Amino acid sequence: MIQLVWLIPLLPLIGSVINGLFGKRMGKTAVGLVACVAMVASFLISLSIFIKILSLPVAERSVEVTVFNWITSGAFKLDVTFLIDPLSTIMILIVTGVGSLIHIYSIGYMHHDKSFWRFFCYLNLFVFFMLMLVLGANYLVMFLGWEGVGLCSYLLIGFWYEKKSASDAGKKAFVVNRVGDFGFILGLFLLFWSLAGHGITSLSYKEVFANIHHLDPSMLTIITLLLFVGATGKSAQIPLYVWLPDAMEGPTPVSALIHAATMVTAGVYMIARNNLLFSLAPYTGEVVAVVGILTAFFAATMGLVQNDIKKVLAYSTVSQLGYMFTAVGVGAYTAGVFHLMTHAFFKGLMFLGSGSVIHAMGGEQDMRKMGGLHGHMKTTSWTFIIGAIAIAGMPPFSGFWSKDEILWETFEKGHHYIWALGLLTAFLTAFYMFRQVFMTFTGRCRADHHTQHHLHESPKIMTVPLIILAVLAATGGIIGIPFFEEGTAAHHFLNSVFSSGQHVVNHAVAGGGHVANAAGESEAIHGGLELIMMGVSVAVGLFGIFLAALLYYEPMKKFAPSFWTPENLAARFKGLHTLLYNKYYVDEIYDALIINPIKRLCWYCWRFDLGVIDGIVNGAGWVTRLVAWLMHKFDVYIVDGTINSSATFVSWTSSFWRRLQSGYLQNYALVFVIGLLLIIGGALLGW
Amino acid sequence: MTGQFPILSILTFFPVAGALFVIFFIKKESLNAIRWSALGISVIEFLLSLYLPFTFNMTEPGFQWVERHEWITRFGMSYFLGADGISLLLVLLTTFMTIICVLASWTDIKTKMKSFMALLLFTEAFSLGVFLSLDFFLFYVFWEAVLIPMVFIIGIWGGGRKLYASIKFFLFTFIGSLFMLVGVLVLYFYHGKTTGVYTFDLTVLMQHPLAPALQVWIFVAFFLGFAVKVPMFPLHTWLPDAHTEAPTAGSIILAAVLLKLGTYGFVRFSLPLLPNASIQLAPVMIWAAIIAIIYGALVTIAQKDMKKLVAYSSVSHMGFVMLGIFALNIEGLKGSIVQMINHGISTGALFLLVGMLYERTHDRQIDSYSGLFKAMPVYGAFFVITVLSSMGFPVTNGFIGELLVLLGAYKAQWYYAVPVAVGVLLGAVYLLWLFQRVFLGEYSCKGHAEHLPLLNLREKVSCASLIVLIFWIGVCPTPMLKVMDASLNNLVKIVERNTQKSALAAVTLAEENQRYGTTQNQGAGK
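Residue numbers (my numbering), protein chains in the order written: chain F, 3 to 689; chain B, 47 to 572.
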């Protein structure tokens, strides 16, 4: 079964090619069918591989399957090889599983679009590249996927390319991602050549991890930092997060699949995959964790004041990704991947839910014009609320388990400031999520009459995926519940992938030989303290929901003090509100500090090219022509002039002589020629 | 040597015969006959060139299908042709792109079709002569000969400033070539003086490297000849003008083939004949290449004319090729050869595509277009794939070349890779921005018919064949890499051996090695 792994990415690729070449003529039903069948088949194969992996003994759970040889050049050999291990299995399940649901949903959502076939062509292509990214057994196959998902993201953000804002957003996403990739590829080269110095010319994970101890920590720090630069681009972290909010220009299923559930988590996956490298470079780990938590916090603050239903979710995604980076930064790889998974469920769910709302509202995305939708679309509303509860971290929903594990691990590993900021972010998350729920689904409907008249629940093809995702969002945390002695099911399953990195981290934390002791000690405190922590984070989340309810939930509003209304707060903290509403002016700052100077530089270079370099060329041509002209004049007046005037002189003197002599023509001619010959001869002899 | 099938001579002179046939046997009014016979000749030529890869011996590092005939024995000049893995690929590129050129000029050329096709075939023949000559004098003859048809192509069928562009092109390359000729003669006489053998035979000249100090001077002379053609900064300003004014087919053959003559010259002559100078001046060359990459990309971003944009992007792309060559290691060299082929295909395709649009609207201003994707979706799809290839996207040919060049640059000196990666980044910016401005947004096409004609079969076939190559090289580059493997390994060895041979070389090399650090030591020193 595992040998069939190549079918998993191949099926979506085939789907994409069929739809790309023939989609226009096939009709919408066939297009949707091709795309979805490819996805579901791919999911079923993934599922059977997962089951197969579970049946294997732990030590044998890592299998490499080589498909074909890509590049061979001297010592440099590169195969397209897939790696099946617990980590990649979880990833392919998420990608194909959530992907299938979103594909099915899209049939309904995109039904009226005239470029239906193009949408599915791109979407399937995206899944292909994403699967290459997570299945690759070496860095370059990962890089292939890495670039490919970026391309598809570009194509899909700019799907409605006739809108300028959409094509701008697409370009911004691509270029910002390329900035990240710049770091990523430099990191890869550094890794390759520093290992080549030790005789290892392979970029496969297995070889690299086995020989990584040859490299000194400072080199590893540089490598991992460069790789992390790549991750900040793809996974929208500070300072490269700016593209993700704009990416909401794409169709909503795209936001759900690419900009919430899968592609943006690629950076987290990359670090989890390289857990050994990052664990050996503790400084990078710190950087990752700090960048992660700062992103989580700042994105959450920006999410507080957004009015676009998708923008709120976008900032929330940036924020949640920050949590994942915090986790992998402090060495809690399992927690990071676990949150990646639950986030794929609940955020995918919420994006699809928002899509359902937008569908019902006839394209309207401003929450100020919504309200009271619960009565019109029960399924969407309930599933959306489940998602909100999950992300707010309320037990027993999935988000609770994963977020809590991250917070607990940061606390346990001694990063108390990070933990505190994480807790604050959890509060903000609960607040803005329920602000969204209340603004959208409760109260009085603020839409215009025409829109209200047309409000309707979405068709089954859209609501069934919502229900499935809601079930997953509610129960997906189960694998993170510590049933077992030695940790959760997730830990159990992923242990073989993360054990080496984990070992390094524990070693560093406990300091040398006290590992066992420290482990035992922490075990004892573990139970009590962890329960308290859980209580604290739930309390904080509930408080956030409560405050949101006071502000935005009709029945609760009357309990709020008089200054506690959105308008009063915005007026009182006008400066802060403006700052948040304008997203800290980061886009403007980037424009002023980076984009515009570069544009000006390009323009100056061009002027320089035309004015100076080409100017010199044209100037040289001009000078040559000037010299030629002068020579010409010299020729006419001086050289020729001399000859003419000497001829004149001769004729003048001869006319003088004529008076003395009778004068035959021959005589004159003779004198003239002799005179001429004398002059020419003189010139030739160099007088 | 005798009695062997003279495939290389046939390859070189078949297009000449074809051109003469077109000139003498076809009436200038029967346009279709001219078109079809030009197409037939270029296709036959391409099929003939396919003889080479099928009979190529991969393990043989030296020259194959060698032909040598006495010519001017007194001066040691001979008619000496041969090909190795490097020239083989460039020959295939030339014969293939000529077909594309013929197809591109099918309706684009409105006047004097007969002369145009004949000149195109002459250009092909002489370019092949350059790639196949192993006698330096013969090489020089072909090298100068290429200029003549090209100047006419630009000067007669070009756009508004065609005379300015063609004269500029001619003077630039001609003056550069004169310096090269001086270099060749100095090389010839010194080689004769020291060894007693006066010859232009490359294989003989390679055996006896000159004193390092002299090498530097000859290197500079060669540089002026080759660098103009590449073109390298700051000798590049003829390129945007020539490209912009040339007819589509002229731009394609200029980009795909003529620019390669320069880089080929560096690989074929500068490196093996002047190894010490090459090593000594490699840092200078690399920085020049890096400047070309970055500066070229920056200037490209500022362009408002599509064709000029593609032309300036060539400056940046050819910078990659130069960088790969002077990384002086096998990865870089391999990358640079792949990049030569890639640039021929991708930039050729871009010129082809821009030309198709120009033929429809007679307008190259980027501002005049918007949302073209809607009006011409197939054209848009071809364009986007070409753009991806040009910016080095994985699974396209550009990725393989850029990857290898970057690997080589990194190996030579890690910090070389940083500005190069910036260049790759900027490449994405100008190409995507071009695509966005022309193809995305609401459809408008200033001052032209509501409906632009869609691509016809001829146009689709020529685009599709280039797209196939783009993916073919991107997905399975190994056959291509294998073809050049033996020859490049041999080249690296010759550079090493010749550096050792030179007595003074040891001293300079030791200094070099200290400067380069240990990696270079293993690569070039020993």
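By construction, the Cβ of each residue, glycine as well, lies at the ideal position given by its N, Cα and C atoms. Quick caveat, the model's predicted, so the values are computed rather than measured.
- Apart from sequence neighbours up to five positions away, the residues of its chain that approach B/Pro-465 with a beta-carbon distance below 8 Å are Ile-336, Ile-339 and Ile-340, ordered along the chain.
- Excluding residues up to 5 positions away in sequence, Pro-286 and Thr-290 lie with their Cβ nearer than 6 Å to the Cβ of B/Lys-354 in the same chain.
- The closest CA to that of B/Tyr-425, considering only B/Tyr-462, B/Ile-376, B/Phe-481 and B/Val-468, is found on B/Phe-481.
- Per DSSP, the unbroken beta strand (DSSP E) holding B/Glu-116 starts and ends at 110-118.
- Neighbourhood of F/Lys-173 in chain B, by CB distance below 8 Å: Leu-478, Trp-479 and Gln-482, in chain order.
- A Cβ-Cβ distance of about 6 Å is found for the pair F/His-417 and F/Ala-291, placing them in contact under the 8 Å criterion.
- Put simply, of B/Arg-483, B/Asp-181 and B/Phe-188 the residue whose alpha carbon is nearest the alpha carbon of B/Tyr-244 is B/Asp-181.
- In the three-state DSSP reduction, F/Asn-140 falls in the strand class (E or B).
- Positions of the alpha helix (DSSP H) runs, each at least 4 residues long and wholly inside the stretch 288-351 of chain F, are given as 311-331 in order along the chain.
- With a threshold of 8 Å between beta carbons, F/Asn-71 makes contact with chain B.
- About 7 Å separates the beta carbons of F/Gly-546 and F/Leu-430, which is inside the 8 Å limit, making them a contact pair.
- Going by beta carbons, F/Leu-192 and F/Leu-228 fall inside the 8 Å limit.
- Ranking B/Ile-371, B/Glu-170 and B/Ser-297 by CA distance to the CA of B/Ser-324 puts B/Ile-371 first.
- Taking a Cβ-Cβ threshold of 7 Å, none of the residues of chain F is close to B/Glu-106; the smallest such distance is about 17 Å.
- Within chain F, no residue has its beta carbon less than 9 Å from that of B/Pro-277; the closest one is some 11 Å off.
- Contact of F/Phe-176 with chain B by beta-carbon distance below 8 Å involves Ala-474 and Leu-478.
- Pairing F/Ile-408 with F/Ala-329 gives a Cβ-Cβ distance under 8 Å.
- In this structure the stretch 307-325 of chain B does not lie against the stretch 405-424 of chain B, because fewer than three pairs of beta carbons, one per stretch, are closer than 8 Å.
- Within the stretch 595-614 of chain F, the residues whose Cβ lies closer than 7 Å to some Cβ of chain B are Leu-603, Cys-604, Trp-605, Cys-607, Trp-608 and Asp-611, listed in chain order.
- For B/Thr-283, the closest Cβ of chain F is nearer than 8 Å.
- The stretch 334-351 of chain F and the stretch 396-410 of chain F touch, with no fewer than 3 CB-CB distances between them shorter than 8 Å.
- In the three-state reduction of the DSSP assignment, F/Gly-613 falls in the helix class, which pools H, G and I.
- Assignment of B/Ala-129 by DSSP, reduced to helix, strand and coil, places it in the strand class.
- Per DSSP, the continuous beta strand (DSSP E) segment holding F/Glu-66 begins and ends at 65-75.
- Interface annotation, F/Gly-189: not in contact with chain B, CB-CB separation never under 8 Å.
- Excluding its 5 nearest sequence neighbours in each direction, B/Gln-411 has C-beta neighbours in its own chain below 7 Å: Lys-350 and Asp-351, listed in chain order.
- With contacts defined as CB atoms closer than 8 Å, B/Ile-155 and B/Trp-203 qualify as a contacting pair.
- When only Cα atoms are considered, F/Phe-561 and F/Cys-447 end up about 22 Å apart.
- At least one C-beta of chain F is nearer than 8 Å to the C-beta of B/Glu-377.
- Around B/Ile-446, the beta-carbon contacts reaching into chain F at under 7 Å are Ile-73.
- Contact annotation: in the stretch 520-535 of chain B, residues whose CB is within less than 7 Å of a CB in chain F are Pro-523, Thr-524 and Leu-527.
- Taking the Cα of F/Leu-142 as reference, the smallest distance to any Cα among F/Gly-189, F/Val-100 and F/Glu-569 is reached at F/Gly-189.
- For F/Lys-166, the chain B residues whose Cβ falls inside 7 Å of its Cβ are Gly-487, in order along the chain.
- Spanning the alpha carbons of F/His-452 and F/Thr-442 requires a straight line of approximately 18 Å.
- In terms of Cβ geometry, B/Leu-149 and B/Trp-111 do not form a close pair [threshold 8 Å].
- Residues of chain B with a Cβ closer than 7 Å to the Cβ of F/Asp-616 are, in chain order, Thr-283.
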